[in-house]
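Colleague: One structure follows; several queries about it will come next.
There are 2 protein chains.
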Amino acid sequence: MPETARSPLAPARFPKLPPVAGVRLAAGRAGVRYRGRDDVLFAAFARGTAAAGVFTRSTMPGAPVLWCREILPRGRARGLVVSAGNANVFTGRAGEAEVRAEARAAGRLLGAPARDVFVAATGVIGEVPPAGRVAAILPGLHDRLDAGAWRRAAGAIMTTDTFPKGASRTCRIAGRTVTINGIAKGSGMIAPDMATLLAFLFTDARIPAEVLQSLLVRANESSFNALTVDGDTSTSDSVLLFATGRARHDAPRDARDPRLAGFRAALLEVMQDLARQVVRDGEGASRFVTVTVTGARSRRAARAIARSIANSPLVKTAIAGGDANWGRIVMAVGKAGEEADRDRLGIAIGGVPVAEGGRVRPDYDEARLAPHMEGSEIDIAVDVGVGRGRATVWTCDLTHGYIDINADYRS
Amino acid sequence: MPETARSPLAPARFPKLPPVAGVRLAAGRAGVRYRGRDDVLFAAFARGTAAAGVFTRSTMPGAPVLWCREILPRGRARGLVVSAGNANVFTGRAGEAEVRAEARAAGRLLGAPARDVFVAATGVIGEVPPAGRVAAILPGLHDRLDAGAWRRAAGAIMTTDTFPKGASRTCRIAGRTVTINGIAKGSGMIAPDMATLLAFLFTDARIPAEVLQSLLVRANESSFNALTVDGDTSTSDSVLLFATGRARHDAPRDARDPRLAGFRAALLEVMQDLARQVVRDGEGASRFVTVTVTGARSRRAARAIARSIANSPLVKTAIAGGDANWGRIVMAVGKAGEEADRDRLGIAIGGVPVAEGGRVRPDYDEARLAPHMEGSEIDIAVDVGVGRGRATVWTCDLTHGYIDINADYRS
Chain A
1 MPETARSPLA
11 PARFPKLPPV
21 AGVRLAAGRA
31 GVRYRGRDDV
41 LFAAFARGTA
51 AAGVFTRSTM
61 PGAPVLWCRE
71 ILPRGRARGL
81 VVSAGNANVF
91 TGRAGEAEVR
101 AEARAAGRLL
111 GAPARDVFVA
121 ATGVIGEVPP
131 AGRVAAILPG
141 LHDRLDAGAW
151 RRAAGAIMTT
161 DTFPKGASRT
171 CRIAGRTVTI
181 NGIAKGSGMI
191 APDMATLLAF
201 LFTDARIPAE
211 VLQSLLVRAN
221 ESSFNALTVD
231 GDTSTSDSVL
241 LFATGRARHD
251 APRDARDPRL
261 AGFRAALLEV
271 MQDLARQVVR
281 DGEGASRFVT
291 VTVTGARSRR
301 AARAIARSIA
311 NSPLVKTAIA
321 GGDANWGRIV
331 MAVGKAGEEA
341 DRDRLGIAIG
351 GVPVAEGGRV
361 RPDYDEARLA
371 PHMEGSEIDI
381 AVDVGVGRGR
391 ATVWTCDLTH
401 GYIDINADYR
411 S
Chain B
1001 MPETARSPLA
1011 PARFPKLPPV
1021 AGVRLAAGRA
1031 GVRYRGRDDV
1041 LFAAFARGTA
1051 AAGVFTRSTM
1061 PGAPVLWCRE
1071 ILPRGRARGL
1081 VVSAGNANVF
1091 TGRAGEAEVR
1101 AEARAAGRLL
1111 GAPARDVFVA
1121 ATGVIGEVPP
1131 AGRVAAILPG
1141 LHDRLDAGAW
1151 RRAAGAIMTT
1161 DTFPKGASRT
1171 CRIAGRTVTI
1181 NGIAKGSGMI
1191 APDMATLLAF
1201 LFTDARIPAE
1211 VLQSLLVRAN
1221 ESSFNALTVD
1231 GDTSTSDSVL
1241 LFATGRARHD
1251 APRDARDPRL
1261 AGFRAALLEV
1271 MQDLARQVVR
1281 DGEGASRFVT
1291 VTVTGARSRR
1301 AARAIARSIA
1311 NSPLVKTAIA
1321 GGDANWGRIV
1331 MAVGKAGEEA
1341 DRDRLGIAIG
1351 GVPVAEGGRV
1361 RPDYDEARLA
1371 PHMEGSEIDI
1381 AVDVGVGRGR
1391 ATVWTCDLTH
1401 GYIDINADYR
1411 S
């Protein structure tokens, strides 16, 4: 694996994450694959903690994903074990046994059944993880569980990430202040070997599991489901949300409860903040790209067109080269297969109208776009002229760095 | 545009293409965009020539594609004009006028209506082509139309291609020998700026237009529709087949006529030969990759899974790095969204079984694959264990060369 420098798009520092009542964390070194760094996160939750989760749509999910899907319907959690270096995917029964062993070991320490412990893993796929290595360090981690170990927790789950990712917001529910903390990893959407997307969200809000699930699914649509680095989908992508209930406000009945308005907004902000950080750490990324599509037949169609633009290797290499190549954007709209009116198509880059009415604007001047294209934040806006659907997708450019990381890491 | 060296996967030489009775060709320099090289191909066909065509599925097709679609239902052709350097896409009414002007000019020289002249173009998109520049050189080309100018014709239609592409086969129909010649361009599947897929096929067979169309559509499925370089789809992809009828055998009634068995096979061979050449000239390609998927629910499902593998940037960068990364193949099968049985999934690379029954084989030895991975022809075979559908897709690896060509060419 080549030495990878911190992404040029990384934020200046890890943000301050306050404690979340009912959540304690510890990170440590099991040596699953990496040496000389933390590679296991152990989190413990207060009794009564509700859980929600969304997972990869891959038809080849890893053993940890299968385990989480199996226990999620209970809607409760007492612990979380995350390991980095081996994704435990395509590992047959041995892989399933390893997940269960980790959950049992954590459950014993927490006085809870194994099925109250969520497990996630990221790293190389297809290799059976070394048996028992994660479980062996859980007792030591249990002894030093702490309410303030957020930065270390975010570091322990990294693979090809070049910086740890965290975010926090507070809001009010029924008169009480609640906190939402999140950590994430994934420097790609997603390199399955080393860059699966994992995100964990923790709140002291008191929200029943089925309401929590509905809030998570909705916020996920406009955050982690709105990012793409290379169009590849991991076998292990997981987003889990744990709510300890320690804020002791009245519990809402359903996701549309008006008392949840602030929470919904804060949850979306935390998840969007983390999602943007994941893109900023996209493998080889040198520019952060926001693609907004309007005027589509539906939100689904708008998202499909935005993804087609954001995933196009030709659009992404043009951006890497500082080239305002709107011709490639037209190509990507065309290949999306969704309805679009060529003669009404409008394209703006960096807020500057470039094309409209089926051709380039007569006053188009590439020099006007040059300052925007040389910056590190590129905005592409496309109106396809047939309806009112709109969607935003975030991505990064495609550079030599991506090839370096993905072609060379095992050699 | 950087100087691009001849692809390391290029064939040793341009093949010998014999004359096709009823077809004459000439190439020359209009200076549409390139200087100091041929950039226009003019072909003239005998009276009674039948035409068939398949085109891009892009919802943003170029003006030449719209013209060809408009005239194709007539099923006849007297001429073909192809220009390189400007694709005439997203160019509004000015672009449509240019296509009609080219067809009219060629038609006048051939004593035929404009609507008997097919037009194709490849190159930069979104810029209105310089008016009349192609038409201006057609009289000169008409004066030197020739039955033997195949190599020069193949060269005139190139953009980022690093070698001209041609193929030829003969076969027999109802006792007469007929010839099929083809030329193609496109060093990607497809860079819309400079690497649209264009292929032109010429035969002296006597086949009615509707039968010809059905033969072309069928052969196209297993040739040009089975290749991918970067998953991007051009606004200009066109495959045209012209049959002059000069072989004077009895005309077949339909595409299933047993007398067409040899022709069907020969047409497929010419088209597959050209399709493989296009992949061998994939932008930045250093390895030719054949992905075969078996055991899928249907041929369509098999093709979707094969394409998912062949388009995955992670699979393609791993191959560039000589890495037999079957974990990424599992990922790509999973993201295809087609039914696959994880516990029956089998993967072989270079004929060596790597994974079966939902995990890596116990005797898997990466060293055994090393010689194959260091070669220039990589074979990936995947059985997904649920049915009898199978499909083959050709692609190339994803290297620094792709980024060089596509990020830097306008700077």
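Quick note, the sequences are listed as chains A and B, same order. Under my numbering, the first residue of the first sequence carries the number 1, and numbering increases by one thereafter. Under my numbering, the first residue of the second sequence carries the number 1001, and numbering increases by one thereafter. Just so you know, even glycine gets a beta-carbon here, dropped at the ideal spot from N, CA and C. Just so you know, these numbers come straight off a predicted model, no measurement behind them.
Check whether the Cβ atoms of residue 339 of chain A and residue 304 of chain A lie closer than 8 Å to each other.
Modeller: Cβ distance not < 8 Å, so residue 339 of chain A and residue 304 of chain A don't count as in contact.
Colleague: Please decide whether residue 201 of chain A counts as near chain B, where near means a Cβ-Cβ distance under 8 Å.
Modeller: No, its Cβ sits nowhere closer than 8 Å to a Cβ of chain B.
Colleague: Does any residue of chain A have a CB that is nearer than 8 Å to the CB of residue 1326 of chain B?
Modeller: Yes, because at least one Cβ of chain A sits closer than 8 Å to the Cβ of residue 1326 of chain B.
Colleague: Using a Cβ-Cβ distance under 8 Å, would residue 1309 of chain B count as near chain A?
Modeller: Residue 1309 of chain B does not count as touching chain A.
Colleague: Just curious, the beta strand (DSSP E) that residue 1225 of chain B is in, first and last residue?
Modeller: It is not in any beta strand (DSSP E) - residue 1225 of chain B carries neither H nor E in the DSSP assignment.
Colleague: Select from the region 353-365 of chain A all residues with a C-beta closer than 8 Å to any C-beta belonging to chain B, and list them in chain order.
Modeller: Those residues of the region 353-365 of chain A that come within reach of chain B (Cβ to Cβ, closer than 8 Å) are 355, 357, 358, 359, 360.
Colleague: Are the beta-carbon atoms belonging to residue 42 of chain A and residue 240 of chain A less than 8 Å from one another?
Modeller: Contact flag unset, no.
Colleague: For residue 1345 of chain B and residue 51 of chain A, what's the separation of their Cα atoms in angstroms?
Modeller: For residue 1345 of chain B and residue 51 of chain A, the distance between alpha carbons rounds to 32 Å.
Colleague: Taking all protein chains shown into account, decide if residue 1037 of chain B is buried (16 or more other Cβ within 10 angstroms of its Cβ) or exposed.
Modeller: Exposed, by the Cβ-count rule.
Colleague: So with CB distances below 7 Å, who are the chain B contacts of residue 220 of chain A?
Modeller: Within chain B, no residue comes near residue 220 of chain A; the closest Cβ sits about 18 Å away, beyond 7 Å.
Colleague: Could you have a look at residue 24 of chain A and say whether DSSP puts it in helix, strand or coil?
Modeller: Residue state, collapsed to three classes: strand.
Colleague: How would you write the range of the beta strand (DSSP E) that residue 1294 of chain B sits in, first residue to last?
Modeller: Its beta strand (DSSP E) spans residues 1288-1296.
Colleague: Could you check where the beta strand (DSSP E) with residue 1181 of chain B kicks off and where it finishes?
Modeller: First-last of the beta strand (DSSP E) with residue 1181 of chain B: 1176-1185.
Colleague: Say whether the region 73-85 of chain A touches the region 16-34 of chain A, bearing in mind that this needs 3 or more beta-carbon pairs closer than 8 Å, one atom from each stretch.
Modeller: Yes, since at least three Cβ pairs between the region 73-85 of chain A and the region 16-34 of chain A fall closer than 8 Å, the two stretches touch.
Colleague: With 16 other CB atoms within 10 Å as the buried threshold, where does residue 317 of chain A fall?
Modeller: Flag for residue 317 of chain A reads buried.
Colleague: Which residue spans inside the region 1025-1073 of chain B form an unbroken alpha helix (DSSP H) run of at least 4?
Modeller: Listed in chain order, the complete alpha helix (DSSP H) runs (minimum 4 residues) inside the region 1025-1073 of chain B are 1063-1071.
Colleague: Does any residue of chain B bring its CB to less than 8 Å from the CB of residue 321 of chain A?
Modeller: Yes, contact with chain B.
Colleague: Determine whether the Cβ of residue 191 of chain A lies closer than 8 Å to any Cβ atom of chain B.
Modeller: In this predicted model, residue 191 of chain A has a pLDDT of only 38, less than 50, meaning its place in the structure is not dependable; the value taken from the coordinates is given anyway. By this cut-off, residue 191 of chain A is an interface position.
Colleague: Below 7 Å on C-beta distance, what does residue 1225 of chain B contact in chain A?
Modeller: Neighbours of residue 1225 of chain B on chain A: none; closest Cβ ~14 Å, over 7 Å.
Colleague: Looking only at DSSP bridge pairs, what is residue 394 of chain A linked to?
Modeller: Looking at the DSSP assignment, residue 394 of chain A forms a beta bridge with A/227, A/290.
Colleague: Is residue 121 of chain A close to chain B? Criterion is C-beta to C-beta, closer than 8 Å.
Modeller: Cβ-Cβ to chain B under 8 Å: no for residue 121 of chain A.
Colleague: On the criterion of 16 or more Cβ atoms from any shown chain inside 10 Å, does residue 1353 of chain B qualify as buried, or is it exposed?
Modeller: Result: exposed.
Colleague: Listing by chain order, which chain A residues have their CB less than 8 Å from the CB of residue 1065 of chain B?
Modeller: Within chain A, no residue comes near residue 1065 of chain B; the closest Cβ sits about 11 Å away, beyond 8 Å.
Colleague: Can you pull out the residues from the region 87-102 of chain A whose beta carbon lies closer than 9 Å to at least one beta carbon of chain B?
Modeller: Within the region 87-102 of chain A, the residues whose Cβ lies closer than 9 Å to some Cβ of chain B are 87, 89, 90, 91, 92, 93, 94, 95, listed in chain order.
Colleague: Taking Cβ-Cβ distances shorter than 8 Å, what residues in chain A pair up with residue 1060 of chain B?
Modeller: Neighbours of residue 1060 of chain B on chain A, chain order: 330, 331, 333, 334, 340, 342, 345.
Colleague: Would residue 1252 of chain B pass as a contact of residue 1211 of chain B if the rule is Cβ separation under 8 Å?
Modeller: A contact, by the Cβ cut-off of 8 Å.
Colleague: Which residues, taken in chain order from the region 1385-1401 of chain B, show a beta carbon closer than 9 Å to some beta carbon of chain A?
Modeller: Against chain A - using a Cβ distance shorter than 9 Å - the residues of the region 1385-1401 of chain B are 1397, 1398, 1399, 1400.
Colleague: So what's residue 199 of chain A in DSSP terms, helix, strand or just coil?
Modeller: DSSP places residue 199 of chain A in strand when its eight states are reduced to three.
Colleague: Could you give the first and the last residue of the continuous alpha helix (DSSP H) run that contains residue 263 of chain A?
Modeller: Element bounds for residue 263 of chain A: 261-280.
Colleague: For a cutoff of 8 Å on Cβ pairs, would you count residue 175 of chain A as touching chain B?
Modeller: Residue 175 of chain A does not count as touching chain B.
Colleague: Relative to the alpha-carbon of residue 165 of chain A, which residue among A/202, A/277, A/40 has its alpha-carbon at the smallest distance?
Modeller: Comparing Cα-Cα distances from residue 165 of chain A to each of A/202, A/277, A/40, the minimum goes to A/277.
Colleague: For the region 62-69 of chain A against the region 81-98 of chain A, do three or more pairs of beta-carbon atoms, one drawn from each stretch, fall closer than 8 Å, so that the two count as touching?
Modeller: Contact holds: three or more Cβ-Cβ distances are below 8 Å.
Colleague: For the alpha helix (DSSP H) that contains residue 317 of chain A, what are its first and last residues?
Modeller: Element bounds for residue 317 of chain A: 313-320.
Colleague: Determine the extent of the beta strand (DSSP E) in which residue 1096 of chain B is found, giving its start and end residues.
Modeller: Segment 1092-1110 is the alpha helix (DSSP H) holding residue 1096 of chain B; no beta strand (DSSP E) there.
Colleague: Within 10 angstroms of the Cβ of residue 203 of chain A, are there 16 or more other Cβ atoms? Answer buried if so, exposed if not.
Modeller: Looking at its Cβ environment, which holds 16 or more other Cβ atoms inside 10 Å, residue 203 of chain A is buried.
Colleague: Does the region 286-293 of chain A come within contact of the region 391-398 of chain A, defined as at least 3 CB pairs closer than 8 Å?
Modeller: As far as the Cβ criterion goes, the region 286-293 of chain A touches the region 391-398 of chain A, which means the pair count is three or higher.
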